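Start counting the sequence shown at 13; every next residue gets the next number (this note's numbering).
Quick notes on the structure that follows.
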Amino acid sequence: MDDHSPESMAWWDADATVDWLLNEGRLLATVDDVTHQLGQRLLDAGAPLWRLRLSMRTLHPLVAASTSIWERDEKFIPPVQTSHGVELRSEYIGSPFQAIGNTRSSFRRRLEAPLSDSEHTVLHEIKARGGTDYFGLPLEFTEGAMAILACSTDRKGGFSDADLSQFRKVAAVLAPIAEVFSEKKVSSAVANAYLGARTGQRVLSGQITRGNVEKIRAAIMISDIRDWTGLNTRCSGEVALALANRYFEVVADAVEQNGGELLKFIGDSVLAIFPLEGDADGAAKVCACALQAAQQAVDVARHLEPPLGMDFGIGIHFGEVFYGNIGSSTRIDFTVMGQAVNTTARMESLCRKYNRPILFSEDFASQLTQATVQVAEETLKGYDTPFRILATVQDQ
């Protein structure tokens, strides 16, 4: 037997690593932590491991898969997010991951032998970095889903059959642990996509009981498309929907980039809040952020190429709202309610009347440092006394 053959190398045992996975590894905060510590523990156990990669599909509007990577000579490699449509791109077509996904079985390629031009780029890249062997295998989940674990070595002679056997032992234990992390990622992604980051995390932390509400002070923003009904009569449904999605994206980006929480889309309207965090200058800060978000949305919409194709108004108010779960015994919504929300809606409804993109209340204006101007005085629906309706000088 050649002194450099894998069979001549020291044998190692994965049992201690398996015990760690079952007792400690599964309790780590993220799958990235698991991957990084798993790679190091396998190396410490004697595995001829240079690179470890764990990839999982996820359910997210922007991300199709998330990959955690550990390398022996790197302190930390951040996770890689793969966008949707990867199945149609060269990075996936013909790759070991595609082969594993299609066959649901392991993939092995020794890299010391010459690689043909037809073999996937990833194998050429690993070989160019000094890799001598590549071994990938599926981690089977329930209901047909799976993750993929890929191991690479730079040891002369590559992996031995005993190495592969130990990796399979680890994979069998890692699969249900990875599935739990995958489900957590999916739950978090769905909650964030449909409820928003703050609200989504509240729901995941257990605030799911009807009536579980709290009073908070916040800047409330409502945005609404002008003449949405008329737009739908002039355009096809598909065109109107595409325009609405562009509008939602403009407003949502502005809200989130300025620290707000987009709570929901209501028809062609957007409801967002900027909750008061509690510090002495909190009210001024959240109101400044809300105004900045509104102005950003209007400015971005004005300079879009091609143009947005619609106008919209934004109403803003500052006040107290009920924030939490409301609904029936079987269907619950996490939202804000209260007179302050109604006031905000009335502010927005006046944008068209006074031909202003942004209008706000005196309660909101009192928190601003920017110069404001009174646009009108209106007795809003549901009130007996008139409200001062204001705007900034620049928002003509």
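Where is the CB? At the ideal position from N, CA and C, for every residue including glycine.
Since this is a predicted model, take the numbers as computed values, not measurements.
Does residue 349 come out as helix, strand or coil in the three-state DSSP assignment? Strand, per DSSP.
Can you list, in chain order, the stretches of the beta strand (DSSP E) that have 3 or more residues and sit fully within the stretch 25-101? Correct list: 63-69, 75-83 and 92-95.
Would you tell me roughly how many angstroms separate the C-alpha atoms of residue 97 and residue 35, rounded to the nearest one? The alpha-carbon of residue 97 is positioned some 37 Å away from that of residue 35.
Residue from 251, 101, 124 and 323 with nearest C-alpha to residue 170: With distances taken between Cα atoms, residue 170 lies closest to 124.
Residue environment, residue 114, which counts as buried when at least 16 other CB atoms sit within 10 Å: Within a 10 Å sphere around the beta-carbon of residue 114 sit fewer than 16 other beta-carbons, which makes this residue exposed.
First and last residue of the uninterrupted beta strand (DSSP E) at residue 258: Annotation: residue 258 is outside any beta strand (DSSP E); the continuous alpha helix (DSSP H) that includes it extends over 249-269.
Identify, in the order they occur along the chain, each residue of the same chain with its Cβ nearer than 6 Å to the Cβ of residue 211, setting aside the five sequence neighbours on each side. The residues are 346.
Exposed or buried, what is residue 183 when buried is set at 16 or more other beta-carbons lying within 10 Å of its beta-carbon? Of the other Cβ atoms in all chains shown, 16 or more fall within 10 Å of the Cβ of residue 183; this residue is therefore buried.
Look at the alpha carbon of residue 283 and the alpha carbon of residue 33, and state the distance between them as a whole number of angstroms. It is roughly 44 Å from the alpha-carbon of residue 283 to the alpha-carbon of residue 33.
What are the partner residues of residue 327, as DSSP defines its beta bridges? Residue 327 pairs with 234 and 371.
The stretch 179-197 in contact with the stretch 128-146 per 3-pair CB rule at 8 Å: No, they do not touch.
On the CB-based measure, 16 or more other CB atoms within 10 Å of its CB, does residue 401 come out buried or exposed? The C-beta of residue 401 has 16 or more other C-beta atoms within 10 Å across all chains shown, which makes the residue buried.
Boundaries (first-last residue) of the alpha helix (DSSP H) holding residue 192: Residue 192 -> alpha helix (DSSP H) spans 173-207.
For residue 126, the three-state DSSP class (helix, strand or coil): Looking at residue 126 - three-state DSSP - the assignment turns out to be coil, as it is neither helix nor strand.
For residue 143, count neighbouring C-beta atoms within 10 Å of its own C-beta (all shown protein chains included) and say buried if the count is 16 or more, exposed if not. Using a 10 angstroms sphere on the CB of residue 143, the tally of other CB atoms reaches 16 or more, which defines it as buried.
Helix, strand or coil, according to DSSP, for residue 378 in the structure here? Three-state DSSP puts residue 378 in coil, outside helix and strand.
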